[in-house]
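Everything on this sheet refers to the single structure shown next.
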Amino acid sequence: MLRGVNGLCDGCVHQKRIVSGKGSTFSMCLRSRWDARYPKYPRLPVTDCEGYEPATRTEPADPFDATRTTPSPSGR
Ligand code: SF4
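Here is the structure:
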């Protein structure tokens, strides 16, 4: 299942989104810290990954995420 612009990573518990000082966003795989099979910054979109584990968060980390289904508290 391809969830967002980053593919599976957008719905994975191991993803950490990094925002640069210039506003660019990067998808970091935290699993790379203990498992060498996974790159720190995987080639996107990730469409197949044995390390994928669904995240249980109810709010997307990115308020501009196109998959968002509920409005943010700021109304954007
Ligand atoms: S384990 Fe796979 S799906 Fe999850 S963040 Fe890393 S590369 Fe993406």
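Per the working numbering, the sequence shown starts with residue 286, numbered consecutively.
A virtual CB, placed ideally from N, CA and C, is assigned to each residue, including glycine.
- DSSP places residue 301 in the uninterrupted beta strand (DSSP E) bounded by 300–304.
- Remark: the C-beta of residue 336 is in contact range of the ligand SF4, defined as less than 6 Å to any heavy atom.
- Judged by their CB atoms, residue 330 and residue 292 are nearer to each other than the 7 Å cut-off.
- Within its own chain, the residues whose Cβ lies closer than 7 Å to the Cβ of residue 340, once the five positions on either side in sequence are excluded, are 296, 297 and 298, listed in chain order.
- The beta carbon of residue 327 sits closer than 8 Å to the beta carbons of 294, 312, 314 and 334 from its chain, once the five residues preceding and following it are set aside; these are given in chain order.
- In this structure, DSSP gives residue 296 a helical state, which the three-state scheme calls helix.
- Under DSSP, residue 289 takes part in a beta bridge, and its partners are 292.
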